[in-house]
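*Asks:* One structure, as structure tokens, below. Some questions next.
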Amino acid sequence: MPSIRTPRIVRPGVLSNLKPSSVLSLLSPFAAYFAARGAPLNCLDAQKPILDEIVSVITSPVESTPSELVERLELLDLVSDPQSGINFEDGYEALVKRLRENDDSDEDLAVKILIHAPDIAWREFDRQALQAKRSLASFTHNPVLKFLPSNEHRIAQLESLLGPWFEENARSGICRIHVRVEPSGTSFVIRHGDLLKRIGVFDEDGSSSSKILRPERVDVAHYRHLTGEWQISGIGRRLQELYRQAFGAVFHASSNALVHSKRYSLEPLREGPSILKCDPASRIQYADLAWIKIELPCGNQVLITRGNIFAGIAELSPSLLRSAILLEARIDFKIAAKRRLVPVILSPHRDKISGLHLDEAIEPWLAERGFSNHSHETIILESA
């Protein structure tokens, strides 16, 4: 069943910014569905189109709601939302010049791009997915097992490996993968179903009820061409293991090609607060230790948070930072041109990083300070 999430496009002031012709172009492939639910699209031909019935249908999905309609509305939400940071005027000038009419609003332009240039809309969806904050495990591979470039055949092979696992684990067998190839690396956006869940909803009469839906989950994988390293998201060890084997099999011709890279370390924190000092004129203007989890010599684990973390550790014991095992820590970054602090969580024992993994400033900073290990110390790798 489609998601119940209310699309931003039907909120007050958004749908009204669309010309009737744009609404009709957007929804006409689903005219039979709207007519069957009592909202025929011919109401858009009137001088004052009545949108209430159409909005009601969009915001109350049923079993017969086309998944393509939900997907189209969610994608339109992204490309028409100014908070997404997408500026078609700057990035796609020729396309905008070809499609935009004088009386088009930004939302009208977004509809036209979605209909006439869906590849660009999906490209922006993928960019947003890759820039989201995620927890990623790091893997490397035997240099002999070269990376095999992405193509349609390999993507189909990857989907065929992942789909059965999702089906067997009650997440439906649907799995769609998009690829972005850039000079620094190749990225994969994996869209798949999650476990069914029941939520409370209001029906068209205002009565309270509940519905079962299958949420969509988006995972990502990124291969760095320079270091030969993979970083892959995914909740749960079994899903991580699935991705490790599948990406190894398809892009290195061996299901055991990828192994944990032991990339990240918290050892630099033993130097004290000086390791976090930044040049305010640089891209990373400020770094602060927000919290740290340590294991004491007695075996107890302690989470130290709030205030000056280094001072708090010194109060407990001046030698504690040198003798304790550093398990996990969060560092907050102030990056130039970004208003909010960007949190990054390093978990060396789980070989994970959580945060904006593709930000061009964070990884070089981590490597420079010794938090990121580019030597790729690993366990035994599979031979070719």
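In the working numbering, the protein residues as written are 67 to 450. Where a beta carbon is used, it is the ideal one built from N, C-alpha and C, also for glycine. Note that the structure is predicted; figures quoted are calculated from it, not measured.
Between Val-245 and Gly-251, what straight-line distance do the alpha-carbon atoms span, to the nearest angstrom?
*Replies:* Stepping through the sequence shown from its first residue, residue 245 is reached at position 179. Stepping through the sequence shown from its first residue, residue 251 is reached at position 185. Those two C-alpha atoms are separated by around 11 Å.
*Asks:* Use the C-beta contact count for Ala-347: other C-beta atoms within 10 angstroms, 16 or more gives buried, fewer gives exposed.
*Replies:* Numbered from its first residue, the sequence shown carries residue 347 at position 281. Per the 10 Å Cβ criterion, exposed.
*Asks:* Residues in the same chain with beta-carbon distance under 6 Å from Leu-227, minus the five sequence neighbours each way, listed in chain order, please.
*Replies:* As a first step, residue 227 is located in the sequence shown; it is residue number 161 there, counting from the start. Around Leu-227: Ala-312.
*Asks:* Let me check understanding here. Comparing Cα to Cα, which of Ala-203, Val-284, Val-247, Arg-200 lies closest to Ile-240?
*Replies:* Your numbering for residue 240 matches position 174 in the sequence shown. Considering only alpha carbons, the answer is Val-284.
*Asks:* What are the boundary residues of the alpha helix (DSSP H) that includes Lys-400?
*Replies:* In the sequence shown, residue 400 corresponds to position 334, counting from 1. Going by DSSP, Lys-400 is part of no alpha helix (DSSP H) but of the beta strand (DSSP E) stretching over 391 to 401.
*Asks:* Report yes if the CB atom of Ile-358 is closer than 8 Å to the CB atom of Leu-392, and no otherwise.
*Replies:* Within the sequence shown, the letter at position 292 stands for residue 358. Within the sequence shown, the letter at position 326 stands for residue 392. Contact: yes.
*Asks:* Just checking my contact of Ile-298 with Ala-315 at CB under 8 Å: how many whole Å lie between their CB atoms?
*Replies:* Within the sequence shown, residue 298 is the residue found at index 232, counting from 1. Within the sequence shown, residue 315 is the residue found at index 249, counting from 1. Going by Cβ atoms, the distance from Ile-298 to Ala-315 rounds to 14 Å, so no, they are not a contact pair.
*Asks:* Runs of 3 residues minimum, wholly inside the segment 331 to 376: which ones carry the beta strand (DSSP E) assignment?
*Replies:* 350 to 361, 367 to 371
*Asks:* Compare the Cα-Cα distances from Ser-87 to each of Glu-333, Asn-108, Ala-98 and report the closest residue.
*Replies:* The count along the sequence shown starts at 1 and reaches residue 87 at position 21. Checking every option, the nearest Cα to that of Ser-87 belongs to Asn-108.
*Asks:* Measuring only the C-alpha atoms, how far is Leu-407 from Gly-104?
*Replies:* Mapped onto the sequence shown, residue 407 falls at position 341. Mapped onto the sequence shown, residue 104 falls at position 38. Taking the Cα positions, Leu-407 is about 48 Å away from Gly-104.
*Asks:* Name the DSSP bridge partner or partners of Gly-251?
*Replies:* For the purposes of this step, residue 251 is identified with residue 185 of the sequence shown, where counting begins at 1. Glu-248, Arg-290, per the DSSP bridge assignment.
*Asks:* Pull up the CB-CB distance for Ala-353 and Leu-342, whole angstroms please, since I reckon it's below 8 Å.
*Replies:* Here residue 353 is taken as the residue at index 287 of the sequence shown, counted from 1. Here residue 342 is taken as the residue at index 276 of the sequence shown, counted from 1. Indeed they touch by this definition, with Cβ atoms about 4 Å apart.
*Asks:* Once the 5 residues before and after Phe-232 are set aside, which same chain residues still bring their CB inside 8 Å of it?
*Replies:* The residue given as residue 232 occupies position 166 in the sequence shown. Closer than 8 Å at Cβ, skipping near neighbours: Ser-238, Gly-239, Ile-240, Cys-241, His-258, Gly-259.
*Asks:* Compute the Euclidean distance between the alpha carbons of Val-162 and Pro-409, then round it to the nearest angstrom.
*Replies:* Start at 1 with the first residue of the sequence shown, and residue 162 comes out as number 96. Start at 1 with the first residue of the sequence shown, and residue 409 comes out as number 343. Cα to Cα, the separation comes out at about 36 Å.
*Asks:* Is the Cβ of Gly-229 closer than 8 Å to any Cβ of chain B?
*Replies:* Absent here is chain B; the protein component of the structure consists of one chain.
*Asks:* Do Leu-332 and Arg-310 have their C-beta atoms within less than 8 Å of each other?
*Replies:* Residue 332 sits at position 266 when you count from the first residue of the sequence shown. Residue 310 sits at position 244 when you count from the first residue of the sequence shown. 8 Å or more divides the Cβ of Leu-332 from the Cβ of Arg-310.
*Asks:* For Ile-411, which residues in the same chain have their Cβ closer than 6 Å to its Cβ, ignoring the five residues on either side in sequence?
*Replies:* Taking the sequence shown and counting its residues from 1, one reaches residue 411 at position 345. Residues Arg-396, Ser-420 of the same chain have their beta carbon placed closer than 6 Å to that of Ile-411, with the five preceding and five following residues left out of the count.
*Asks:* In this structure, how does DSSP classify Ala-433 when only helix, strand and coil are distinguished?
*Replies:* Position 367 of the sequence shown, counted from the start, is the residue given in the question as residue 433. Ala-433 carries a helical assignment under DSSP once its states are collapsed to helix, strand and coil.
*Asks:* What is the DSSP secondary structure of Arg-200, reduced to helix, strand or coil?
*Replies:* Numbered from its first residue, the sequence shown carries residue 200 at position 134. Strand at Arg-200.
*Asks:* Helix, strand or coil for Phe-213? Go by DSSP, reduced to three states.
*Replies:* Locating residue 213 in the sequence shown gives position 147, where the first residue counts as 1. Note: Phe-213 maps to coil in three-state DSSP.
*Asks:* Do Leu-142 and Ile-124 come within 8 Å of each other at the CB atom, strictly closer than that value?
*Replies:* Reading the sequence shown from its first residue, position 58 is the one you call residue 124. Reading the sequence shown from its first residue, position 76 is the one you call residue 142. In this structure, Leu-142 does not lie closer than 8 Å to Ile-124 by Cβ.
*Asks:* Which value, in whole angstroms, describes the spacing of the CA atoms of Glu-394 and Ile-360?
*Replies:* If you number the sequence shown from 1, residue 394 lands on position 328. If you number the sequence shown from 1, residue 360 lands on position 294. One C-alpha to the other measures close to 7 Å.
*Asks:* Could you tell me how far apart the beta carbons of Arg-336 and Leu-387 are, in whole angstroms, since I believe they sit closer than 8 Å?
*Replies:* Translated into the one-based positions of the sequence shown, residue 336 becomes position 270. Translated into the one-based positions of the sequence shown, residue 387 becomes position 321. The pair is a contact, with the Cβ atoms about 6 Å apart (cut-off 8 Å).
*Asks:* When you compare only the Cα positions, how much space is there between Ala-203 and Ser-171?
*Replies:* Position 137 of the sequence shown, counted from the start, is the residue given in the question as residue 203. Position 105 of the sequence shown, counted from the start, is the residue given in the question as residue 171. Rounded to whole angstroms, Ala-203 to Ser-171 spans 42 Å at the Cα level.
*Asks:* For the putative contact between Phe-205 and His-326, defined by C-beta atoms under 8 Å, what is the C-beta separation to the nearest angstrom?
*Replies:* In the sequence shown, the residue the question calls residue 205 occupies position 139. In the sequence shown, the residue the question calls residue 326 occupies position 260. So it is a contact: roughly 6 Å between Cβ atoms.
*Asks:* Just how far apart, CA to CA, sit Ser-253 and Gly-229?
*Replies:* The residue given as residue 253 occupies position 187 in the sequence shown. The residue given as residue 229 occupies position 163 in the sequence shown. The straight-line gap from Cα to Cα measures roughly 19 Å.
*Asks:* Skipping 5 residues on each side, what residues in its chain have a beta carbon closer than 6 Å to that of Gly-378?
*Replies:* Within the sequence shown, the letter at position 312 stands for residue 378. The residues are Ile-370.
*Asks:* If you count every other CB in all the chains shown that lies within 10 Å of the CB of Ile-301, and 16 or more means buried, which is it?
*Replies:* On the sequence shown, residue 301 is found 235 positions in, with the first residue counted as 1. Around the C-beta of Ile-301, fewer than 16 other C-beta atoms lie within 10 Å, and the residue is accordingly described as exposed.
*Asks:* On the DSSP letters alone, give me the boundaries of the beta strand (DSSP E) that Ser-420 sits inside.
*Replies:* Here residue 420 refers to the residue found at position 354 of the sequence shown. First-last of the beta strand (DSSP E) with Ser-420: 418 to 421.
*Asks:* Find out if the Cβ-Cβ distance for the pair Ser-91, Ile-181 is shorter than 8 Å.
*Replies:* By one-based count along the sequence shown, residue 91 stands at place 25. By one-based count along the sequence shown, residue 181 stands at place 115. Between Ser-91 and Ile-181, the gap from beta carbon to beta carbon is short of 8 Å.
*Asks:* Can the beta-carbon of Pro-491 be found closer than 8 Å to that of Phe-437?
*Replies:* For the chain, the structure presents residues 67 to 450; residue 491 sits outside this window and is missing.
*Asks:* Looking at C-alpha atoms only, which residue of Asn-208, His-415, Ile-350 is the closest neighbour of Arg-329?
*Replies:* Here residue 329 refers to the residue found at position 263 when the sequence shown is read from its first residue. When only C-alpha atoms are compared, the closest one is His-415.
*Asks:* Check for me: the beta strand (DSSP E) holding Val-408 runs from which residue to which?
*Replies:* Taking the sequence shown and counting its residues from 1, one reaches residue 408 at position 342. Start and end: 408 to 413.
*Asks:* For the beta strand (DSSP E) that contains Glu-295, what are its first and last residues?
*Replies:* Translated into the one-based positions of the sequence shown, residue 295 becomes position 229. 295 to 298 is the span of the beta strand (DSSP E), which, as asked, contains Glu-295.
*Asks:* Going by other Cβ atoms of all chains shown within 10 Å of its Cβ, with 16 needed for buried, is Pro-363 buried or exposed?
*Replies:* For this step, residue 363 is matched to residue 297 along the sequence shown. The residue in question, Pro-363, is exposed, as its Cβ has fewer than 16 Cβ neighbours within 10 Å.
*Asks:* Pull up the distance between the alpha-carbon of Arg-189 and that of Ala-176, whole angstroms please.
*Replies:* Position 123 of the sequence shown holds residue 189. Position 110 of the sequence shown holds residue 176. Spanning the two alpha carbons is a distance of roughly 14 Å.
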